[in-house]
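In our numbering, the protein residues as written are 876 to 1054. Quick notes on the structure that follows.
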Amino acid sequence: MPVRGNLLYGEGEVLTMKEKLVPFEHQRFECVQCGECCRSRNVPVTMEDIKRLSKFRDPKEFLIIFDERKLVLERREWDSGCVFLDDTRCTVQEVKPLVCQLYPVCVSDKPLLEDGEPVRLKDGVDMYVYVDSSCKGVGCGNQMDLEGVREKVFLLRNEMFATDLGALVGWYIENEEDY
């Protein structure tokens, strides 16, 4: 697996992709399927993401080690698009990584802007939730569902902390005959 550098996620760091952030409150969103969120971004993945995606492709074909400790989706060299992107459509829409499911939401355990209140997760942890206003779908459609976002952030946080290179190696060895 190739190794690349400098993605933020984990304790004291940003858990998801971030660009031009605004507070989450009262934001509307509807995906316009432009495919921009699937280009030029490093998408962190969890072990659960890898398990779901490996039903479609060998993990060696879609994973890279980033910053010597993180696992992210591989990008195509010719356009920096995700390897699962076909034109502007996700070919793994039903099983896409949690970070992709959350986008354009960005979460952090520390405030990234002066505005915005933390969101309390069901385990009592406070997270700061933002929206990437550079996404073309922000401002379209219905108001974003805080409870749905809260549930996915809780899952992402727990899955991210349970994911490391050792977990990947162990899982891959156990499932090697499937590839």
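Even for Gly, the Cβ is constructed at its ideal location relative to N, Cα and C.
Between the options, which lies nearest to residue i when the distance is taken from Cα to Cα?
| i | options | result |
| --- | --- | --- |
| Gln902 | Leu1040, Ala1037, Val1004 | Val1004 |
| Thr966 | Val1013, Thr921, Asp1053, Cys913 | Cys913 |
| Glu1049 | Gln1018, Lys926, Glu989 | Lys926 |
| Ile940 | Asp1039, Gly1045, Glu1051, Pro972 | Asp1039 |
| Val947 | Gly991, Met1035, Val1024, Asp1001 | Met1035 |
| Glu900 | Asn1033, Glu1022, Ala1037, Gly1041 | Glu1022 |
| Arg944 | Ala1037, Glu1051, Asp1053, Glu1052 | Ala1037 |
| Gln968 | Val1006, Phe931, Leu1043 | Phe931 |
Going by DSSP, what residue range makes up the beta strand (DSSP E) through residue i?
| i | result |
| --- | --- |
| Met922 | Here Met922 belongs to no beta strand (DSSP E); instead the alpha helix (DSSP H) covers 922 to 928. |
| Val1055 | Outside the shown range of the chain (876 to 1054) lies residue 1055, about which nothing can therefore be said. |
| Leu946 | 945 to 948 |
| Cys981 | 980 to 983 |
| Phe941 | 938 to 941 |
Can the beta-carbon of residue i be found closer than 7 Å to that of residue j?
| i | j | result |
| --- | --- | --- |
| Phe937 | Glu923 | no |
| Lys895 | Ser983 | no |
| Val918 | Val958 | no |
| Val897 | Pro972 | no |
| Thr963 | Gln908 | yes |
| Ser929 | Ser955 | no |
Can you tell me which residues form a DSSP beta bridge with residue i?
| i | result |
| --- | --- |
| Gly956 | Arg914 |
| Arg995 | Asp1001 |
| Pro919 | Val947 |
Which first and last residues belong to the alpha helix (DSSP H) in which residue i is found?
| i | result |
| --- | --- |
| Phe1036 | 1021 to 1036 |
| Gln976 | 973 to 977 |
Any beta carbon of chain D sitting closer than 7 Å to that of residue i?
| i | result |
| --- | --- |
| Lys971 | In the structure shown, chain D does not exist; there is a single protein chain. |
query = Can you find at least 3 beta carbon pairs, one from the stretch 1018 to 1031 and one from the stretch 991 to 1000, that sit closer than 8 Å?
reply = yes
task = Check whether the stretch 1006 to 1019 touches the stretch 977 to 996, counting contact only when three or more Cβ pairs, one atom from each stretch, lie closer than 8 Å.
result = yes
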